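For the record, the sequence lines run as chains D and F. Throughout, the numbering used here is defined as the position within the first sequence, counted from one, plus 2. Throughout, the numbering used here is defined as the position within the second sequence, counted from one, plus 31. This report refers to the structure that appears directly beneath it.
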Amino acid sequence: MSEHSMNRTKYVIAISAGAAITALGIGVLATSHANAESSPSGPVVAAPGGNLAGTPFNSWREAHFAPAQSAQPSSSISEAAAMTDAQSFAQTATTPVAPSTSPTFAKLMTLGAFDAANGNSTDPGLSPDRSVWVVTVDAPTAPNTPPGMPASTASVYTVAIDATTGTLIEKGIGVGYLNS
Amino acid sequence: MDLMRRTILGVGAISALSPVVAAAALPGAAEATPSYPCISPHCYSVEKYVGAQGSLTGLWFQESDNNMSNGNTGASPYYHINSEGWYLENAVGSTTDYIEVGLTNEYEGSANGYVGSTCSCLAYAQFWADTHYTAPGVYTQWEHLITNLTPDGVNHTYQIVRGATANHYNIELDGNVVGSSGATNQWAGSQVAVGGEYYGPYVDWGGSFANTFDIYHKTYNSTGGVEFWPAVSGTQVDPGFNARLWNGNNTYSWNMP
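And the structure:
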């Protein structure tokens, strides 16, 4: 039985706000997957550190998100919606959606200010001036774990939600940034 | 196909304390270590390398945006399936800091989910994350969306490599910096892994599957040089996954039939 025939031809309908990003020209550095599948010598690849050809990287990444917002607080997402969303992010295979009664605190701020306050760098390609809803939820959630590490649960988390699109940009598990 | 090793295990007892095993192997010939049960709710099909502390300074790999599904089709828990790489400051322990990057497909929440929009559906994305421990059980983990994309089979390169700031790593996609992490607080590591991860009740729940991901990988050694996967490697193939090793070609392949 060939590898391909064993692979079910199921397709995920990967719908997302950024699905169109592929049309914006994510560069292709290497050979096709088919080559990797069929050649016992392995795929031919570009050297590490190679640069993206074509469209400037920041351009396509910025295009995924809405235009950067000014530093002045602004939002098309309501505070209540942001808080409800944030509570839903508690849900994992081992933890439920945070109850609406969970202590939840929200603040509209810029992504850059939020990152700086938490000792993080704003990812290149994202404007630090972007307005985000920062929401802290006191409720259990679970982090990713690497192979071999037991699962765990954190009692608090904080998310940064794009205030214009609702996209969850960052999730800090074990982070209780807001407490009022 | 003779290089393909299939390891289909019965469902074993769940052990939260399963040790990390690095099976000794000949240089360039990773040996399967197919004795792992899933560490519920996480299941893996990965190849890993565990070296001496400080022997590594980064991870580089290439994989395609292939189809995979966590089997989650509606308003059910936040399961995910990933194909990614991990870079750890030392062997897995209760305070091991690590950085990860790769692909995920997971349920997107009610109004606005993990990867944005309002689809309440599965969403496919590139992401990176880092985790820093201050004590056993006391940690912060930051997950970052890189971008959404469609599973179109296009190859991309990912790497975790020393950045310009001391003790910080750059997370790079196709040679472009997409993030910076100081989670490890040092510029030295000892363990890397690449492969698939399923997070949910069990891997064949609700039609979960993954087409074959061929992950071509290298490491950065203690002096920052790029080299192929070190000689001593092991694999973890949990129930429900398949693994195929391209011996000598530095590629780990996995799928979920």
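Idealized CB from N, CA, C, for every residue including glycine. Just so it is clear, the structure is predicted and the values come from calculations on it, not from any experiment.
Beta-carbon contacts of residue i that lie in its chain and below 7 Å, excluding the five residues immediately before and after
{"i": "A111 (chain F)", "result": "Rather than Ala, the amino acid found at residue 111 (chain F) in this sequence is His. The residues are N101, T135, N136, E137 and Y230."}
{"i": "E174 (chain F)", "result": "F158 and A160"}
{"i": "V30 (chain D)", "result": "Note that V30 (chain D) has pLDDT 26, beneath the 50 cutoff, so the model's placement of it is unreliable and the number below is only indicative. Cβ neighbours of V30 (chain D) beyond the five flanking positions: none."}
{"i": "A153 (chain D)", "result": "T96, A144 and T147"}
Residue i at chain F interface by Cβ criterion, 8 Å
{"i": "G176 (chain D)", "result": "yes"}
{"i": "M85 (chain D)", "result": "no"}
{"i": "P149 (chain D)", "result": "yes"}
{"i": "A95 (chain D)", "result": "yes"}
{"i": "K173 (chain D)", "result": "yes"}
{"i": "G114 (chain D)", "result": "no"}
{"i": "T106 (chain D)", "result": "no"}
{"i": "S123 (chain D)", "result": "yes"}
{"i": "A184 (chain D)", "result": "This structure does not reach residue 184 (chain D), given that chain D is present from 3 up to 182, and the question cannot be answered."}
{"i": "M153 (chain D)", "result": "Checking the displayed sequence, the identity of residue 153 (chain D) turns out to be Ala instead of Met. It does: the Cβ of A153 (chain D) has a partner Cβ on chain F nearer than 8 Å."}
{"i": "P130 (chain D)", "result": "no"}
Proximal residues to residue i (C-beta, below 8 Å), its chain only, five neighbours per side dropped
{"i": "S90 (chain D)", "result": "V99 and A100"}
{"i": "T181 (chain F)", "result": "D96 and Y155"}
{"i": "S182 (chain D)", "result": "F107"}
{"i": "T155 (chain D)", "result": "T96, T97, P142, T143 and A144"}
CB contact check: residue i to chain D, cutoff 8 Å
{"i": "H73 (chain F)", "result": "yes"}
{"i": "E131 (chain F)", "result": "yes"}
{"i": "G43 (chain F)", "result": "Note that G43 (chain F) has pLDDT 27, beneath the 50 cutoff, so the model's placement of it is unreliable and no number is given."}
{"i": "T162 (chain F)", "result": "yes"}
{"i": "V268 (chain F)", "result": "no"}
{"i": "E120 (chain F)", "result": "no"}
{"i": "G210 (chain F)", "result": "yes"}
{"i": "W117 (chain F)", "result": "yes"}
{"i": "W285 (chain F)", "result": "no"}
{"i": "P58 (chain F)", "result": "Residue placement at P58 (chain F) cannot be trusted, given a pLDDT of 32 that sits under 50; the coordinates are not used to answer."}
One or two residues paired with residue i in a DSSP bridge
{"i": "W135 (chain D)", "result": "D:L110 and D:I163"}
{"i": "H175 (chain F)", "result": "D:E172 and F:W159"}
{"i": "C74 (chain F)", "result": "F:Y229"}
{"i": "H248 (chain F)", "result": "F:F92"}
{"i": "G133 (chain F)", "result": "F:E115 and F:F158"}
{"i": "F240 (chain F)", "result": "F:S100"}
{"i": "L258 (chain F)", "result": "At residue 258 (chain F) the sequence reads Glu, which differs from the Leu that was named. The partner list for E258 (chain F) (beta bridge, DSSP) reads F:T250."}
Option in the options with minimal Cα separation from residue i
{"i": "G176 (chain D)", "options": "D:S182, D:A165, D:T160 and D:T166", "result": "D:T160"}
{"i": "M169 (chain F)", "options": "F:A195, F:V208 and F:G124", "result": "Checking the sequence shown, residue 169 (chain F) turns out to be Val, not Met. Answer by Cα proximity: F:G124."}
{"i": "A219 (chain F)", "options": "F:W260, F:V192, F:T266 and F:S284", "result": "F:V192"}
{"i": "G227 (chain F)", "options": "F:T266, F:Y200 and F:W260", "result": "F:T266"}
{"i": "T162 (chain F)", "options": "F:N186, F:N121, F:M99 and F:A197", "result": "F:N121"}
{"i": "T127 (chain F)", "options": "F:D245, F:Q222, F:Y283 and F:K249", "result": "F:Q222"}
{"i": "P291 (chain F)", "options": "F:N281, F:F240, F:H248 and F:K249", "result": "No answer is possible for residue 291 (chain F): the residues shown for chain F start at 32 and end at 288."}
{"i": "Y251 (chain F)", "options": "F:G210, F:L119, F:T165 and F:W285", "result": "F:L119"}
Own chain, CB closer than 6 Å to residue i, minus 5 neighbours either side, in chain order
{"i": "D269 (chain F)", "result": "Y67, C69, C74 and Y75"}
{"i": "T188 (chain F)", "result": "Q93 and D205"}
Rounded distance between the beta-carbons of residue j and residue i, thought under 8 Å
{"i": "A224 (chain F)", "j": "W91 (chain F)", "result": "Not really, about 13 Å apart at Cβ, beyond 8 Å."}
{"i": "I171 (chain D)", "j": "L113 (chain D)", "result": "7 Å"}
{"i": "N88 (chain F)", "j": "G255 (chain F)", "result": "The question names Asn, yet the displayed sequence has Thr at residue 88 (chain F). Going by Cβ atoms, the distance from T88 (chain F) to G255 (chain F) rounds to 6 Å, so yes, they are a contact pair."}
{"i": "V208 (chain F)", "j": "P126 (chain D)", "result": "5 Å"}
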